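Okay, so here's the structure we're looking at.
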Amino acid sequence: MSLFAEGWMSLWGLRKQLPAGPGAIVPGMTELAPAEPRQRIEAIDTIRGFALLGILLLNILAFGLPFRAYTNPTVDGAVEGIDFGVFFTIELLFEGSMRALFSMLFGVGVAMFATSGKGAAIHYRRQLLLFAFGLVDGFLLLWTGDILTVYALAGMVLYLCRNWRARSLTIVAGCMFAYLAVFYAASFAMYNYMPDQAAAAEARIEAAEAPSPQDQAVVDAWSQVEVQLDPPVHLLEREARKFKGTYAEAFVANAQELRELLAWGLPVLFIWDAMACMLLGMVLYRTGVLTGQRSVRFYTITAILGFAIGLATNAFELAMKIGSGYAPQWVAGGTVITYDIGRVAMALAFLSVVMIAYRQGWFARLRQGLAAVGRMALTNYILQSVFGFLIFRELGLGLWNDLDRHELYYVVAGQWVVMIVFSLWWLDRYRFGPLEWLWRSLTYGRRQPMAQPA
Numbered sequence: 009m010s011l012f013a014e015g016w017m018s019l020w021g022l023r024k025q026l027p028a029g030p031g032a033i034v035p036g037m038t039e040l041a042p043a044e045p046r047q048r049i050e051a052i053d054t055i056r057g058f059a060l061l062g063i064l065l066l067n068i069l070a071f072g073l074p075f076r077a078y079t080n081p082t083v084d085g086a087v088e089g090i091d092f093g094v095f096f097t098i099e100l101l102f103e104g105s106m107r108a109l110f111s112m113l114f115g116v117g118v119a120m121f122a123t124s125g126k127g128a129a130i131h132y133r134r135q136l137l138l139f140a141f142g143l144v145d146g147f148l149l150l151w152t153g154d155i156l157t158v159y160a161l162a163g164m165v166l167y168l169c170r171n172w173r174a175r176s177l178t179i180v181a182g183c184m185f186a187y188l189a190v191f192y193a194a195s196f197a198m199y200n201y202m203p204d205q206a207a208a209a210e211a212r213i214e215a216a217e218a219p220s221p222q223d224q225a226v227v228d229a230w231s232q233v234e235v236q237l238d239p240p241v242h243l244l245e246r247e248a249r250k251f252k253g254t255y256a257e258a259f260v261a262n263a264q265e266l267r268e269l270l271a272w273g274l275p276v277l278f279i280w281d282a283m284a285c286m287l288l289g290m291v292l293y294r295t296g297v298l299t300g301q302r303s304v305r306f307y308t309i310t311a312i313l314g315f316a317i318g319l320a321t322n323a324f325e326l327a328m329k330i331g332s333g334y335a336p337q338w339v340a341g342g343t344v345i346t347y348d349i350g351r352v353a354m355a356l357a358f359l360s361v362v363m364i365a366y367r368q369g370w371f372a373r374l375r376q377g378l379a380a381v382g383r384m385a386l387t388n389y390i391l392q393s394v395f396g397f398l399i400f401r402e403l404g405l406g407l408w409n410d411l412d413r414h415e416l417y418y419v420v421a422g423q424w425v426v427m428i429v430f431s432l433w434w435l436d437r438y439r440f441g442p443l444e445w446l447w448r449s450l451t452y453g454r455r456q457p458m459a460q461p462a
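With the sequence shown counted from 1, adding 8 to any position gets you our numbering.
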C-alpha cells in the first residue's frame, strides 16, 4: 500500500474505528469531550438541515428555468453581468456538493436505523413508504428532479451493508466512484468525438448505394444525442406544458419526461451517484466524523483540504466550460471525469465547517434553525416541491421562465426563511414533522404520539 493511501486511511480512522461510547478518546482529539448521544443527533440534524437548504440553490434552476439552463447558462442568457456571477458562484461552490452531503446524511440515517435492532421488515417497509412519497413528489407534485425514489431504492440495498466495517464500505464506495468516472469519461468522449464521426458516416452513406450498419448506427446514435442538446419543437412544447398547461396536460408531460429520465438514468447513473455518497456517509458516521467525535483540529484540516481540492477542481471545470464556449461535452451533464472529486471535497469541507461551528458553540440560533429543518427533512423537501408548484406553474403564480437567474435566489431566500421559521414553530409544539409523523406511523402500523410531552 502506498504512503499516500496509508496516510489517508490513518487520517479518516479506517484502520481502527472509533469507540462508540461517550467520552471515548482517540489519537488526535483535543481536550474537548465527544458529543453526548443527544448532541450527536442534533449535530447530524444540523448538517442535514444545512444540506437540505443548500439543495434548493440548485433545484430552483429546474423549478424556474428550462431544464437545459441547469448546466448551460446560454439557455437563459446568463453569460454576463449579475446573472453570470450567480451562475459562476453556484457552480463553483454548491453544484453537486449539496446533493453529495444530503446523500451522505441519508446513508447515516440508514446506518442508524438498520443497526437499531428493529429488523429487516421494518426497514424495508420504511423504504417502500419513502418510495411512495417519491412517487407523489415526482408525479403528483410534478417534480421531475425528485430524489426520494432513488434514495428509497438505494436504502434497500444499503441494508445489506449495515454490518460492514468502515474499510469495506470505503472500498465499495471507491469502486462506485471509479465506475462513475469511467461513465463520465465515456460520455465526454462521445460528445467530443461523435460529431465528426457522425458527419463522416453521413458522407459515406450519401456516397454509397447501401449504407453499412455501422455507419447508420453512428448516425442514429448522434441523432438521439442532438435531440437532448438541441430539443426539437415538440419537446420544447412538452416542457412548456409542464408549467404553462392545465394540471392534466402538465401531469401527462411530466410523467412522460420522468419515465424517460428514470428508464435510462436510474440504472446507469442515479443509483450509483446516490449509493457512493451514502456509503461514504456511513463511513463518516462509523469513524466519528459525523457525530462530533473528532477534534476541532481534524475538522479544520479537513475543511482546508476540502476547499483547496474542491475549489481548484471546480474552477478548472468552469474554466474549461466557459473557455469552450459552453461546448456540449462540458454542459451536457455527467461528462466531466473530475466531477466527483470536486463535489465530494466541497461536501466534506462544508460538513467540517458546520462541525467546527457546532463544536465551538458558534451561531447557536442559526444552528438551532438548521437542526429544526434537518429534523423535518422529509416535510421540508416536499415543501420545496409545493413551493415550486405554487410559484412557477400556471396553476399558481405562473412565473416559470419569467425571472432572471439572480431573481430566483430571492425566492430561495424567502423559502429558507419560511422553512426555518415553520420548522422551529412546529417542533416547539410537536414531536415530529407532519410527514415524519405519517412516515413513522405507517412504518410501525400504529398512530404515533404527536404532541410534545408536557
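The beta carbon of each residue, even a glycine, is placed where N, CA and C say it ideally should be. Nothing here was measured: the structure is a model prediction, and the numbers come from that model.
- In terms of Cα proximity to Val352, the closest of Ala320, Ala197, Gly382 is Ala320.
- DSSP places Leu356 in the uninterrupted alpha helix (DSSP H) bounded by 347 to 368.
- In terms of CA proximity to Ala284, Phe185 leads the group Ile90, Ile317, Ala258, Phe185.
- Our two residues, Met458 and Trp445, have alpha carbons roughly 7 angstroms apart in a direct line.
- Counting the other CB atoms within 10 Å of its CB gives Phe71 a total of 16 or more, which places it among the buried residues.
- Assigned with DSSP and collapsed to three states, Ala216 falls in coil, not helix or strand.
- Pairing His131 with Ala122 gives a Cβ-Cβ distance under 7 angstroms.
- Contact between Ala86 and Phe95 holds, with the beta-carbon distance rounding to 5 angstroms and staying under 8 angstroms.
- Contact between Gln460 and Arg448 fails: their C-beta atoms lie close to 15 angstroms from each other, not under 8 angstroms.
- Non-local C-beta neighbours of Asn200 in its own chain, meaning closer than 7 angstroms and more than five positions away in sequence, comprise Gln337, ordered along the chain.
- The three-state reading of DSSP puts Tyr334 in coil, since its state is none of H, G, I, E or B.
- Remark: C-beta atoms of Ile68 and Leu416 approach each other more closely than 7 angstroms.
- No Cβ-Cβ contact shorter than 7 angstroms links Thr343 with Leu266.
- Taking a C-beta distance under 7 angstroms as the contact criterion, Leu143 and Ala160 do not qualify as a contact pair.
- Under the three-state reduction of DSSP, Ala86 is assigned to coil, being neither helix nor strand.
- Going by beta carbons, Arg367 and Val304 fall inside the 7 angstroms limit.
- In the DSSP assignment, Val118 falls within the alpha helix (DSSP H) that extends over 105 to 122.
- In summary, Tyr418 is exposed, with fewer than 16 beta-carbon neighbours lying within 10 Å of its beta-carbon over all protein chains present.
- Using a 10 angstroms sphere on the CB of Leu359, the tally of other CB atoms reaches 16 or more, which defines it as buried.
- Scanning Pro74, Ala207, Lys250, Val190 for the CA closest to the CA of Leu403 turns up Lys250.
- Taken atom to atom, the span from the alpha-carbon of Leu136 to that of Leu156 is near 10 angstroms.
- For Gly441, the CB contacts under 6 angstroms within the same chain, skipping 5 residues up- and downstream, are Met384, Thr387 in chain order.
- For Ala459, the three-state secondary structure derived from DSSP is strand.
- Under DSSP, Tyr438 shares a beta bridge with Ala459.
- Judged by DSSP secondary structure, Leu69 falls within the alpha helix (DSSP H) whose first and last residues are 45 to 72.
- Rounded to whole angstroms, the separation of the alpha carbons of Ala261 and Gly163 is 29 angstroms.
- In this structure, the beta-carbon distance from Ile428 to Gly377 falls below 7 angstroms.
- In this chain, the alpha helix (DSSP H) harbouring Thr157 covers 156 to 166.
- For Arg294, the closest alpha carbon among the candidates Leu61, Arg175, Arg439 is that of Arg175.
- Unbroken alpha helix (DSSP H) stretches of 4 residues or longer found wholly inside the segment 365 to 413: 372 to 383, 385 to 400, given in chain order.
- Under the three-state reduction of DSSP, Ala193 is assigned to helix.
- Between Trp433 and Leu61, the C-beta spacing is not below 7 angstroms.
- In this structure, the straight-line span from the alpha carbon of Ala355 to that of Ile279 is close to 19 angstroms.
- Non-local beta-carbon contacts of Lys126 in its own chain, meaning distances under 8 angstroms to residues more than five positions away in sequence, are absent.
- Annotation: Arg133 to Leu65 spans about 31 angstroms, alpha carbon to alpha carbon.
- The DSSP-derived three-state label of Asp228 is helix.
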